[in-house]
Amino acid sequence: MTSQRTRERLLQQLRAEGIRNERVLAVLRDVPRHLFIDEALASRAYENTALPIGFGQTISQPYIVARMTEALLENAKPKRVLEIGTGSGYQTAVLASLVEEVYTVERLEPLMKLARKRLREMGYRNVQAKLAAVGIGWPQHAPYDGILVTAAPQELPPALLEQLAPGGCLIAPVGGPAMQELRLVRRTDTGFEHEHLGLANFVPLILDN
Ligand code: SAH
1 MTSQRTRERL LQQLRAEGIR NERVLAVLRD VPRHLFIDEA LASRAYENTA LPIGFGQTIS
61 QPYIVARMTE ALLENAKPKR VLEIGTGSGY QTAVLASLVE EVYTVERLEP LMKLARKRLR
121 EMGYRNVQAK LAAVGIGWPQ HAPYDGILVT AAPQELPPAL LEQLAPGGCL IAPVGGPAMQ
181 ELRLVRRTDT GFEHEHLGLA NFVPLILDN
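For the sequence shown, the numbering used here begins at 1 and goes up steadily by one.
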């Protein structure tokens, strides 16, 4: 079982890297990351690093989860949030602890089913997860106050920006496979404003159509 000490150490690292939002820090401390990865890796669950979850995909680094979540809370008043790339379900659980409703889509069926089962067993009642369909996002439930993209597109798909409500914001890594720029896009009444938040390193967003 992972000790309280390893979780406190992770929190210290997140603070040292500049995470300031106490609600986000508390959630990163409390969400059991070791239950979102394979048991063989559970001893490393509270290291500040991405870890493999199978199918060539990764559970995101805690710092980047905290950074994106903090940016979302600071730039929107998110009630309904869409996540692209459920993966392990860890970022989904972090969001579900902080906002009213979370919608999440994943293109790999085994990952989606496992994440959905985990989230249900852990008692997250405000999450809806589904297999990604043709196109991007989940337009049926749009518009969203916030959208977090946890896989990297080369360019932001306009069809995804359209699912954002006015006053809402989208946070996404944008660029090639090795390194991306973390971008924040705010929807105003008249258009979209872009801001750069730093660098990121995500698996690619796959658009099949
Ligand atoms: N948020 C996840 C990170 C998962 S890695 C976590 O906390 O664990 C990114 C995920 O995005 C992968 O599982 C990948 O299959 C998925 N993905 C890639 N392209 C996608 C798309 N177009 N729609 C939905 N999911 C996608």
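Every residue, glycine too, gets a C-beta built ideally from N, C-alpha and C.
Answer yes or no: the CB of residue i versus the heavy atoms of ligand 1, is any distance below 6 Å?
i	result
Thr150	yes
Val24	no
Val27	no
Ala172	no
Gln4	no
Gly191	no
Gln154	no
Arg107	yes
Tyr63	no
Leu103	It is Tyr, not Leu, that sits at residue 103 in the sequence shown. It does not: the Cβ of Tyr103 is nowhere closer than 6 Å to a heavy atom of ligand 1.
Ile206	yes
Ser60	yes
Gln180	no
Gly85	yes
Tyr46	no
Val127	no
Ser97	no
Gln91	yes
Gln57	yes
Val185	no
Val203	yes
Quick one: what's got a C-beta closer than 7 Å to residue i's C-beta in the same chain, skipping five residues either side?
i	result
Ile37	Ala45, Leu51, Ile53, Ile59, Ser88
Arg29	Arg7, Leu11
Phe202	Thr150, Ala151, Ala152, Pro173, Gln180
Val127	Thr92, Ala96, Val102, Thr104, Leu119
Gln13	Asn48
Gln163	Leu82, Gly137, Pro139, Ala142, Pro143, Tyr144, Ile147
Ile64	Ala200
Would residue i be called buried (16 or more neighbouring beta carbons within 10 Å of its own) or exposed?
i	result
Gly56	exposed
Pro166	exposed
Leu199	exposed
Gly137	buried
Thr86	buried
Asp145	buried
Thr188	exposed
Arg125	exposed
Name, in chain order, the residues that DSSP records as bridge partners for residue i.
i	result
Gln57	Gly54
Tyr103	Leu82, Gln128
Pro204	Ala152
Gly168	BP columns for Gly168 are empty, so no partner.
Val185	Leu170, His194
Leu199	Glu181
Tyr144	Leu164
In chain order, what residues of the same chain have a beta carbon less than 6 Å from the beta carbon of residue i, not counting five sequence neighbours either side?
i	result
Glu193	Arg186
Gly149	In the sequence as displayed, the identity of residue 149 is Val instead of Gly. Cβ within range, chain order: Ile84, Ala172.
Pro157	Ile136
Using a Cβ-Cβ cut-off of 8 Å (strictly less than) and excluding sequence neighbours within five positions of residue i, which residues of its own chain qualify?
i	result
Lys79	Val99, Glu100, Glu101, Asp145
Going by the C-beta, is residue i closer than 6 Å to any heavy atom of ligand 3?
i	result
Ala132	Here the bound small molecules are ligand 1; ligand 3 is not part of this structure.
With a threshold of 7 Å between beta-carbons, can residue i be considered close to chain D, or not?
i	result
His34	Although the question refers to chain D, the structure presented lacks it and comprises just one protein chain.
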